[in-house]
Each structure stands twice: as structure tokens, then as C-alpha cells.
Amino acid sequence: MQPWVFKSFQPSSQRKKHPPTSNPRLLPLLAATLAATIFLLFLFRQTLLDPTTSADLCVSSSSVVPLTPSEAAIAAEFDTSPLTLVTILHYATARVLPQQTKGEIRRSFDVLQSLAPCNFLVFGLGHDSLMWDSFNPRGTTLFLEEDPKWTLSALQRFPILRAHTVRYSTRLTESKTLLSSYKDNCARVSVTTGHPLKGNRLCKLALHNLPNEVYDRDWDVIMIDGPRGYFAAAPGRMAVIYSTAMMARGRKRSGVTHVFLHDVDREVEKQYAKEFLCMKYRVGGIRKLWHFVIPPVVNASDIAHGFC
């Protein structure tokens, strides 16, 4: 089944504008300075807002809510103002803040700043998406989200973002069965598409129907903060963790893949991380976030003996 896809209709020529400068060497410094400003602004705002008062402000994904006048005004700014400045404006006036803590965000921020511009893939679309996109100036940041209505709502507010909606076939209740049977169901699959995931319908953990641009790139940083995995009927993150490991193993360019997995306080995330992302590749973590650095392997599809 093909995924539902919503894309920003913003012309590519209007995306990621940056202020003109007579010295091209100043662009990296300017971008890094603005990204740091956004991060520091977020830290300041988070200390001022009580999380108990903002918890009930989350947008319901059951319907697309019309933009408020202030949201519409900010959305219109993307047509005329640089991304980083609009991001600062948004988080300076927003009452709803990203769910990750300051320390968790800082961990990813430092890696993105060291690699930028880079290819950054994010599973999950939320209140932090504009922030993540601004942390990777001149790079490619792509979001994959399970809820088409939430995706459409987010793109209405932030038309600069690049996002696809993907339908998952797993359920959280299947996590134990999928973990115990993947070597039988996934290791013997012969893929002819040139990618260990694309078209692999026999392995239920393989995200086989993602947009082609996901398969066509080597992703330098992958953030796993979706889909939902906190109730029985939720898709869970089993397929995302497995597929992320396969993408990292199959990297064609030089270098490694940085993987950030959020919500490792939950048992499924923890067990799947140990099986597929491998604790020997874990380089750190803070609170609910684990950080892995995964090298490529010669034959990414050879998983008969496991990943670690």
C-alpha cells in the first residue's frame, strides 16, 4: 500500500531563504549564530513556562484546526523572511513547547551543528519540527509522520517544512512476536531494488513503501520520536527502529550515521534498541534519549546472525 503524502506547495526556489551577504564565508557563521540563538531562546522560554499549564494545549490530531490570527501571520512570514528569523519569532511567542528536555535537545543540537549542512531524517512531526529544521541550515531535513491530518495542519502553520505522511502496518501488541521472528521473516528476503528496505514486503519490520527520497539519500542524522507507541493499537516504533538500523548499515557514503532514539524509558523502545541499534554503538544519552553512532557494513542485508 502506498503511503499518503502531503507536501508543502511552497516553490523550491522560496525555501530556506537566507539574508544576502557580500562575503559567502560569513554564511556558515551567520547560520550557526542564528541556530544557537534559537536554541538559547528555547531554553529561556522553557524555564519560564510551567509544563503543567502547557500540557493541555496540544493540538488534537482528530481534526485540522483553523489557524489563529497569530499563527496565520507567522505562516505568512515564510514568504518574505529568512527561516531562522521566523523560527525565533514563533518560539518567542508560542505557548506550546517541544516535549524533549533542554538536555535532550542540546545533545542533538551539538551533533547537528558539527555536521551541518547534513541530511537529517526525523520520524515524527510535532511542536519541535520547526526547531529541528532551523538547526540544519542549508541541509536537507525531512519529516515522516503517521497522521495525515496532523501533517496537513503542521504544513499550514509551517509551509517551509518538508514532510510525508506514512501509514504503518504494525501494532504495539505485535512487538514481542516481531522481535522473536525477524530472523526467519527478514533474513532470507532477497531484495532486487538495490535497497534493503524498498519493496521488501515479506519483512513486516521493513518500511518498504516510503517515498523514494528516503531511500535515495544517506542520512547523517536520524531522529526517532514517532510514531506513537504508548497504547496497544498504536503502530509502535518497532519498524522504525529496525529500518533505521538497516539504513545506517547500508550507508554508501563515507562516515557514520548518528541515531537519536527518544522515549527509551518504554520497554519496547529499549528492547528494540538493544537488538537493532546495538549498545556497543551507543555513545551517550540523557534522560529518555539514547545516542548511537552506527558504522556501515559490507552487506547490510545479511542479518542472519543479528545486528550486534
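Mapped onto the UniProt record's numbering, the consecutive letters of the sequence shown carry residue numbers 1 to 308. Cβ atoms here follow ideal geometry from the backbone N, Cα and C, with glycine treated the same way.
For residue 282, the enclosing beta strand (DSSP E) stretches over residues 282-286. In the three-state DSSP reduction, residue 290 falls in the strand class (E or B).
Per DSSP, residue 158 has no beta-bridge partner at all.
Per DSSP, residue 172 is not a residue of any alpha helix (DSSP H), being assigned neither H nor E. CA-to-CA, the gap between residue 167 and residue 247 works out to about 19 Å. For the 7 Å CB-CB criterion, residue 144 and residue 123 form a contact. According to DSSP, residue 121 shares a beta bridge with 142, 222.
For residue 244, the enclosing alpha helix (DSSP H) has its first and last residue at 238-249. Rounded to whole angstroms, residue 275 and residue 306 show a C-alpha spacing of 8 Å. When the alpha-carbon of residue 125 is set against those of 118, 253, 100, the nearest one is in 100.
If you compare the alpha carbons of 210, 153, 241, 162 with that of residue 66, the shortest gap goes to 153.
Counted as a single uninterrupted DSSP element, the stretch harbouring residue 277 is not any alpha helix (DSSP H), since DSSP gives it neither H nor E.
A Cβ-Cβ contact shorter than 7 Å links residue 286 with residue 104.
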